[in-house]
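Just so we're aligned: 419 in UniProt numbering is position 419 of the sequence shown, and the numbers increase by one with no gaps anywhere. Ideal Cβ positions, reconstructed from N, Cα and C, are used throughout, including at glycine.
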Amino acid sequence: MSEKFDTILTNAGLAAVANATITQKQVNFAKLGVGDSNGAYYTPTKEATALRNQKWIGNASSVTTDPDNPNWIVVKAVIPGTVGGFEIRELGIFDENNVLLAIGKLPQTYKPTFSEGSIKELTVKTVFEVTNTSAVTLKIDPSVIYASEKYVDDKVATVVSGLENLQQQLNQHITDPSNIKWIEKVEGTANTLTATHEAIPSYKNGLGVSFPVKLNSTAAMSLNINGLGAIPIKKANGTPFSNGIVNGVYTVRYRDGAFILQGESEVEIGKQIIIPGTTNKAILKGVHDGTGYVEGSPHLLASNIKKGVNIFGVVGTAPSEYDISIVTHNFTDWRDRQPTYTVTWNFPAGFKPVGWAAGLTWDQYVNTAASRKAAHGNGAANATSGSFTTYGSNRYIIMNIDTTYDSAAKVYVARYTIRGGPTDYLDMNDGNIYCQIYWTCVII
Numbered sequence: 001m002s003e004k005f006d007t008i009l010t011n012a013g014l015a016a017v018a019n020a021t022i023t024q025k026q027v028n029f030a031k032l033g034v035g036d037s038n039g040a041y042y043t044p045t046k047e048a049t050a051l052r053n054q055k056w057i058g059n060a061s062s063v064t065t066d067p068d069n070p071n072w073i074v075v076k077a078v079i080p081g082t083v084g085g086f087e088i089r090e091l092g093i094f095d096e097n098n099v100l101l102a103i104g105k106l107p108q109t110y111k112p113t114f115s116e117g118s119i120k121e122l123t124v125k126t127v128f129e130v131t132n133t134s135a136v137t138l139k140i141d142p143s144v145i146y147a148s149e150k151y152v153d154d155k156v157a158t159v160v161s162g163l164e165n166l167q168q169q170l171n172q173h174i175t176d177p178s179n180i181k182w183i184e185k186v187e188g189t190a191n192t193l194t195a196t197h198e199a200i201p202s203y204k205n206g207l208g209v210s211f212p213v214k215l216n217s218t219a220a221m222s223l224n225i226n227g228l229g230a231i232p233i234k235k236a237n238g239t240p241f242s243n244g245i246v247n248g249v250y251t252v253r254y255r256d257g258a259f260i261l262q263g264e265s266e267v268e269i270g271k272q273i274i275i276p277g278t279t280n281k282a283i284l285k286g287v288h289d290g291t292g293y294v295e296g297s298p299h300l301l302a303s304n305i306k307k308g309v310n311i312f313g314v315v316g317t318a319p320s321e322y323d324i325s326i327v328t329h330n331f332t333d334w335r336d337r338q339p340t341y342t343v344t345w346n347f348p349a350g351f352k353p354v355g356w357a358a359g360l361t362w363d364q365y366v367n368t369a370a371s372r373k374a375a376h377g378n379g380a381a382n383a384t385s386g387s388f389t390t391y392g393s394n395r396y397i398i399m400n401i402d403t404t405y406d407s408a409a410k411v412y413v414a415r416y417t418i419r420g421g422p423t424d425y426l427d428m429n430d431g432n433i434y435c436q437i438y439w440t441c442v443i444i
């Protein structure tokens with residue numbers, strides 16, 4: 001009767017696999033041992049707890065599943081050449097605690113030693129079935145790897161095939177016109193460029209190249225690659241490109257007989273108009289198409305700017321002395337009241353009139369004629385003086401006015417009072433008193 005060689009799980013192995021399914025803790029087929037069965041074959045049983053006559057035990061070099069049957073576990077171990085001098089008829093699979101999980105019968109094999117004149121490393125492989133391979137820890141010891149010639153040939157063939165596919169893809173990538181090719185060196189003139197590149201056999205739509213410019217261009221530019229012909233370089237709007245800058249790097253794509261400059265386009269939305277003010281205004285980042293501008297004003301003239309002030313390069317020439325205003329009051333019915341009036345002059349912030357103590361220099365006129373002018377210097381207080389003067393058919397009162405400066409409100413206030421008894425005014429030709437006050441203010 002012929003012998004049957006197989007490997008089965010022991011009761012301990014069956015329990016470990018079943019428990020692993022429940023606890024999600026995998027079984028570790030950690031070691032493989034061999035023995036000589038005490039010189040005779042026997043049929044392994046699941047009740048076994050040890051080999052009958054163990055000769056060697058070592059770490060499993062790999063624990064994997066069979067590629068054709070996912071329920072088969074394949075365990076391998078290598079017996080080193082320094083071990084031998086015994087027959088092999090039985091094997092056992094142990095966990096890390098040396099518990100026998102599987103037992104099997106092997107065809108008789110003699111493992112020699114060096115002292116016997118022969119030495120060999122022996123690979124032991126066993127296959128057994130489990131109900132749930134996910135409950136088993138699969139591993140490969142990278143320090144002990146032995147491969148069959150067929151295995152090596154298959155792997156080499158796979159690697160070679162992968163390299164060939166990779167080379168093919170690389171070649172396609174190199175020759176693909178849509179990929180940007182870098183041209184290290186460009187010859188020719190400033191406007192007529194020439195270059196070479198081994199991956200450009202012809203001009204095809206979509207061909208992209210990047211190249212440096214070594215001279216400033218002076219006219220429309222062209223590029224000739226590999227002697228395939230000079231191709232004009234154009235902007236995105238179809239106009240010739242003629243402003244190449246030395247040491248600049250440009251990217252173009254071929255399209256229907258022209259190299260189109262990349263990275264340049266007109267702004268379709270978001271154009272910006274900047275109006276000058278009292279602070280700087282930044283121009284937005286982006287591509288400028290020439291339609292944005294800083295708004296100008298026809299009133300930016302030297303004659304409209306204070307003398308000595310520079311606005312955007314225009315130096316002002318406007319004089320600093322101005323006639324601020326003319327105030328005329330007509331007072332009637334003086335016999336019934338002696339009113340007090342207040343006149344307020346407002347000045348723009350930052351303007352400072354100069355003159356007498358109150359800050360205002362003013363001249364009092366009783367007529368427009370210069371000969372009638374009564375000047376007051378440096379704020380002499382003459383608020384109560386006054387007299388009658390006749391010009392033509394009218395009588396006028398000459399009044400001196402006190403002026404004060406309100407620093408918080410930045411205004412100049414003149415207060416004046418018409419004084420005298422009612423009879424002083426009965427001789428006026430029309431019963432009215434006319435008071436005209438003129439003043440000037442120096443602005444610094």
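C-alpha distance - residue i paired with residue j, whole-angstrom precision
i    : j    : result
D153 : A60  : 24 Å
T126 : E198 : 56 Å
P70  : G92  : 22 Å
T251 : Q168 : 27 Å
E129 : G208 : 60 Å
V124 : D68  : 20 Å
N191 : N179 : 25 Å
T23  : I73  : 20 Å
G238 : A230 : 17 Å
S303 : T317 : 5 Å
E96  : V78  : 17 Å
L170 : E164 : 10 Å
D256 : A236 : 13 Å
N310 : E184 : 51 Å
T196 : S210 : 12 Å
K155 : G162 : 11 Å
Y42  : V159 : 45 Å
N280 : H299 : 20 Å
For residue i, the nearest candidate out of the options (CA to CA)
i    : options               : result
G206 : I183, W56, Y254, A220 : Y254
P44  : G162, L100, D66       : L100
L215 : T239, E187, S303      : E187
I88  : L166, I103, Q108      : Q108
P212 : P240, T196, G85, V246 : V246
K120 : N310, V83, P240       : V83
T131 : L14, G263, G117       : L14
T113 : K55, G81, Y42         : G81
A20  : Y42, G117, S134       : S134
Y98  : L51, S118, G117       : According to the sequence displayed, residue 98 carries Asn and not Tyr. The option with the nearest alpha carbon to N98 is L51.
L122 : G33, S297, H299, F312 : G33
Cβ-Cβ distance between residue i and residue j below 7 Å
i    : j    : result
K25  : I57  : no
S242 : A219 : yes
A16  : V27  : yes
I200 : I225 : yes
G244 : M221 : yes
K76  : F5   : no
F86  : K111 : yes
L228 : Y203 : yes
Neighbourhood of residue i by C-beta distance below 8 Å, restricted to the same chain and skipping five residues each side
i    : result
E295 : I273, I274, I275, P276
E47  : T10, N11
L301 : V314
E116 : G84, G85
Status (buried if at least 16 other CB within 10 Å, exposed otherwise) for residue i
i           : result
V136        : buried
A40         : exposed
K181        : buried
E90         : buried
S217        : buried
V63         : buried
T7          : buried
F29         : buried
residue 445 : Shown here, the chain extends from 1 to 444; a query on residue 445 therefore has no answer.
A157        : exposed
K150        : exposed
G308        : exposed
I103        : buried
K55         : buried
Cβ shell of residue i (< 7 Å), same chain only, five flanking positions each side left out
i    : result
N53  : G35, D36, S37, N38
P240 : A220, P232, K234
G263 : T251
Same chain, Cβ closer than 6 Å to residue i, five either side skipped, listed in chain order
i    : result
T194 : E187, G188, N224
T49  : L100
F312 : none
S118 : P112
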